[in-house]
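First the structure, in the form of C-alpha cells, and then the observations on it.
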Amino acid sequence: MPRLFSYSDFSGGNETVRTYADKHSPVIICEKEALFDQPFTVKVRIGQSVKHPNAQDHHFQYIQLWNLETLVGELKLQRASYGDKPVHIEAHFTIIPKVSMRLKALAYCNKHGLWQSEEVFVKVEGQQE
Ligand SMILES: [Fe+2]
Numbered sequence: 001m002p003r004l005f006s007y008s009d010f011s012g013g014n015e016t017v018r019t020y021a022d023k024h025s026p027v028i029i030c031e032k033e034a035l036f037d038q039p040f041t042v043k044v045r046i047g048q049s050v051k052h053p054n055a056q057d058h059h060f061q062y063i064q065l066w067n068l069e070t071l072v073g074e075l076k077l078q079r080a081s082y083g084d085k086p087v088h089i090e091a092h093f094t095i096i097p098k099v100s101m102r103l104k105a106l107a108y109c110n111k112h113g114l115w116q117s118e119e120v121f122v123k124v125e126g127q128q129e
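Heads up: the sequence shown begins at 1 in UniProt numbering, then just goes up one per residue.
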C-alpha cells in the first residue's frame with residue numbers, strides 16, 4: 001500500500017509547509033445533494049491557492065475519483081497538454097448516481113507521491129430503497 005498524503009497532515013506546519021501541501025492536495029467541489037439517476041458533476045481541483053509546477057521531472061500524472069472502494073473515474077494527464085508553466089489542474093467527472101456517495105479524490109505527483117482529498121458525502125434524493 002503506497003503512503004497517502006493529505007493537506008491535514010501538514011496543516012500545523014509553517015507557511016512553506018502549508019504551501020507545499022496546498023499545491024498537491026486534491027479538493028472535491030460539488031453539490032452536497034444529487035438526484036437519483038440524473039447526471040451529477042464533480043470537479044476535482046488540485047490546490048486551493050497555489051499552482052503546482054508542470055516540469056518534465058515534476059508534474060501530476062493522474063487524478064482519480066472514488067466512491068468508497070469503487071473507482072468512479074480516472075483522468076490520465078499528459079504534461080504537454082498543460083504547457084510548461086505552473087497550473088491549477090481541474091478535472092470534471094459526470095456521475096449518474098444510484099446511491100448516496102462518500103467521494104474521495106486521489107492525485108499522483110511524480111515527485112511528491114500520492115495525495116488524497118477530504119471525503120465528501122453526497123446524499124442522493126429519490127433513490128430506490
Ligand atoms: Fe509535486
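The beta carbon of each residue, even a glycine, is placed where N, CA and C say it ideally should be.
- G12 counts as exposed, since fewer than 16 other beta carbons sit within 10 angstroms of its beta carbon.
- Following the DSSP letters along the chain, one finds R79 in no alpha helix (DSSP H), marked with neither H nor E.
- In the three-state reduction of the DSSP assignment, V122 falls in the strand class.
- A check of alpha carbon separations from E125 across E90, K111 and S100 identifies S100 as the nearest.
- Taking the Cα positions, I96 is about 10 angstroms away from V72.
- At least one heavy atom of ligand 1 lies less than 8 angstroms from the C-beta of P53.
- Approximately 16 angstroms separates the beta-carbon atoms of Y20 and N54; this is outside 8 angstroms, ruling out the contact.
- For A21, there is no enclosing beta strand (DSSP E); the enclosing alpha helix (DSSP H) covers residues E15 to D22.
- Counted as a single uninterrupted DSSP element, the beta strand (DSSP E) harbouring P26 occupies residues P26 to I29.
- Ranking L103, K123 and C109 by CA distance to the CA of K51 puts C109 first.
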